[in-house]
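S.K.: Sending over a structure as structure tokens; questions will come in a sec.
Numbering (this note's numbering), first residue to last: 1072 to 1414.
As structure tokens, this is what we get:
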């Protein structure tokens, strides 16, 4: 899930510079001319797009997001918002200007793909991929990375209003999945839009974040999500799944196997993930509880059963539930379900 916007820097140096940049920003709570940012893409957060990575505030080799969590990686300089899969990317998800301004520069023509398959060296020099930089006056800039090749709709010097389309979500440059990376700079220094130019405490949002109230409300809370689930008539291939396969809601009674799968963002060590797959009249196809042994930015699990006789016709239900005990002893529960018809 990683990519680097400034590939000439090492990860540690990038993190040091990010922390130093944040500390060097103006001391007033709100900088003059500070933009008010909306979402950089057209989607419904938590349903059709998901917040997955935040800027890293740790100046060393560790990772710390603005809320003192670890929903980032070393040296990350912006906010990543993901869409479901490559199939959704091909349908076209608009990337829009987060605030009014003027297009300063752009890049197009880079292939979309998964950098983990082609190797980081192949795209390291252009890690931001197909991209647009918009100036907002007063030294403020927003930059939009990993857009889909050939989707850009603007040109340098063009005036854009908040919400105007810049292109489409892609997976170009140093990207492992389709998403938009939004970065913010003030006089060349990185600004975390959840914090703004000054923070009131070491953890939590700043007194004047850059997000407008609607966007801030849509993006608050944990990035943990059971964001996708479905059924497969064959053994689940993670690469195929994240390309958009295994989305059928109707399958044949002669399918060689039936599997129910779930894909998640940001699971934590100690989480309990329960998958239950039942058929007509609540017949159990498969059920299992997994106790997760490590933190992971992305996590895939499935349960299933091979065919011994033809499957019973009718309605089948897959349910996934993630249960978590928080550090303060509280409980969090995440749930997703899908239905399947066997004919």
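The beta carbon of each residue, even a glycine, is placed where N, CA and C say it ideally should be. Model, not experiment: these values are computed from the prediction.
For residue 1171, name the three-state secondary structure that DSSP assigns.
M.R.: As a position in the chain shown, residue 1171 is number 100, starting the count at 1. Of the three classes helix, strand and coil, the one that applies to residue 1171 here is coil, per DSSP.
S.K.: Give the list of continuous beta strand (DSSP E) stretches no shorter than 3 residues that lie fully inside the region 1253–1340.
M.R.: Listed in chain order, they are 1296–1303 and 1328–1338.
S.K.: How many Å lie between residue 1360 and residue 1213 at the Cα?
M.R.: Looking up residue 1360 in the chain shown gives position 289. Looking up residue 1213 in the chain shown gives position 142. Each residue's Cα considered, the two are about 43 Å apart.
S.K.: Give me the residue from 1136, 1279, 1242 and 1306 with the minimum Cα distance to residue 1160.
M.R.: Position 89 of the chain shown, counted from the start, is the residue given in the question as residue 1160. Per the Cα distances, 1242.
S.K.: With a 10 Å radius around its C-beta and 16 neighbouring C-beta atoms as the bar for buried, classify residue 1353 as buried or exposed.
M.R.: In the chain shown, counting from the first residue as 1, residue 1353 sits at position 282. The residue in question, residue 1353, is exposed, as its Cβ has fewer than 16 Cβ neighbours within 10 Å.
S.K.: I need the straight-line Cα distance from residue 1179 to residue 1225, nearest angstrom please.
M.R.: For this step, residue 1179 is matched to residue 108 along the chain shown. For this step, residue 1225 is matched to residue 154 along the chain shown. Taking the straight line joining both Cα atoms gives about 11 Å.
S.K.: To the nearest angstrom, report how far apart residue 1233 and residue 1106 are at their CA atoms.
M.R.: Looking up residue 1233 in the chain shown gives position 162. Looking up residue 1106 in the chain shown gives position 35. Roughly 10 Å separates the two Cα atoms.
S.K.: Let me confirm a value: residue 1201 is counted as buried when at least 16 other C-beta atoms fall within 10 Å, else exposed. Which label applies?
M.R.: The residue labelled residue 1201 in the question sits at position 130 within the chain shown. Buried is the call here.
S.K.: So, with DSSP's three-state summary, where would you put residue 1130?
M.R.: If you number the chain shown from 1, residue 1130 lands on position 59. In this structure, residue 1130 counts as coil in the three-state DSSP scheme.
S.K.: Taking 9 Å as the cut-off, decide whether the C-beta atoms of residue 1316 and residue 1409 are in contact.
M.R.: Mapped onto the chain shown, residue 1316 falls at position 245. Mapped onto the chain shown, residue 1409 falls at position 338. Cβ atoms of residue 1316 and residue 1409: not closer than 9 Å.
S.K.: Provide the residue span of the alpha helix (DSSP H) that contains residue 1161, from first to last.
M.R.: Taking the chain shown and counting its residues from 1, the one referred to as residue 1161 is at position 90. 1157–1162 is the extent of the alpha helix (DSSP H) around residue 1161.
S.K.: Rounded to whole angstroms, what's the CA-CA distance from residue 1175 to residue 1235? Just pull it up for me.
M.R.: Position 104 of the chain shown holds residue 1175. Position 164 of the chain shown holds residue 1235. Near 15 Å, if we compare the C-alpha coordinates of residue 1235 and residue 1175.
S.K.: Thinking C-beta only, is residue 1298 closer than 9 Å to residue 1342?
M.R.: Walking along the chain shown from the start, residue 1342 turns up at place 271. Walking along the chain shown from the start, residue 1298 turns up at place 227. Cβ distance not < 9 Å, so residue 1342 and residue 1298 don't count as in contact.
S.K.: Classify residue 1238 as buried or exposed, calling it buried when 16 or more other Cβ atoms lie within 10 Å of its own Cβ.
M.R.: Sequence index remark: in the chain shown, residue 1238 carries index 167 (1-based). Buried is the call here.
S.K.: Which of the three DSSP states is assigned to residue 1395 in this structure?
M.R.: The sequence position of residue 1395 within the chain shown is 324, counting from 1. Note: residue 1395 maps to strand in three-state DSSP.
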